[in-house]
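Notes for the one structure printed next.
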Amino acid sequence: MTLILLAVAAVIYGLYVGYLFMMADEGDRPPASIVQLPAGARILSEDVSCGSGGCATQLVVQPPDGVTPEQLANRMGAKPQLRISGNFIDPRTVSVMAWPKETTLALSLDYSSQEYVP
Numbered sequence: 223m224t225l226i227l228l229a230v231a232a233v234i235y236g237l238y239v240g241y242l243f244m245m246a247d248e249g250d251r252p253p254a255s256i257v258q259l260p261a262g263a264r265i266l267s268e269d270v271s272c273g274s275g276g277c278a279t280q281l282v283v284q285p286p287d288g289v290t291p292e293q294l295a296n297r298m299g300a301k302p303q304l305r306i307s308g309n310f311i312d313p314r315t316v317s318v319m320a321w322p323k324e325t326t327l328a329l330s331l332d333y334s335s336q337e338y339v340p
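Numbering (our numbering), first residue to last: 223 to 340.
Put into structure tokens, the structure is as follows:
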């Protein structure tokens, strides 16, 4: 009986994961909470941008005191691209790209970007 329940659960989970990858539309975008910011950094704004390749969550982040936007991007590993592996609930990989500005760091989070290869 336990094996049957496990098999049914595995099939249901497999269908769910298949749905995420095959039926997701261009409007899917990762939540801002997926990005782990260091202590003292804070999100100043969050927006959505959409184009022909899909939608992305756009964040503007204020670095902690004494940290430049470039240093923050390097600490996060988002320069040039951070790849955040999915989890059990959402196994899709999130791509995070960083653009240091004068006093802030712009981040773009999406599911559709390919891995950056220099």
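Idealized CB from N, CA, C, for every residue including glycine.
None of the values given here were measured: they were computed from a predicted structure.
Of the listed residues the options, nearest to residue i (C-alpha basis)
i           : options            : result
residue 267 : 339, 300, 279      : 279
residue 325 : 302, 231, 292      : 292
residue 288 : 261, 231, 274, 224 : 261
residue 308 : 290, 319, 242      : 242
residue 265 : 329, 336, 335      : 329
residue 290 : 229, 335, 319, 323 : 323
Residue j beta carbon less than 8 Å from that of residue i
i           : j           : result
residue 316 : residue 331 : yes
residue 311 : residue 256 : no
residue 276 : residue 333 : yes
residue 227 : residue 263 : no
residue 340 : residue 239 : no
Cβ separation of residue i and residue j, assumed to be a contact under 8 Å, to the nearest whole Å
i           : j           : result
residue 259 : residue 283 : 7 Å
residue 237 : residue 254 : About 28 Å; that fails the 8 Å criterion.
residue 297 : residue 270 : 26 Å between Cβ atoms; not a contact.
Through-space distance from residue j to residue i, alpha-carbon basis
i           : j           : result
residue 233 : residue 286 : 45 Å
residue 321 : residue 249 : 23 Å
residue 299 : residue 335 : 16 Å
residue 318 : residue 235 : 26 Å
residue 272 : residue 302 : 21 Å
residue 223 : residue 274 : 48 Å
residue 231 : residue 225 : 10 Å
Residue i at chain C interface by Cβ criterion, 8 Å
i           : result
residue 235 : Absent from the structure: chain C. Only one protein chain is present.
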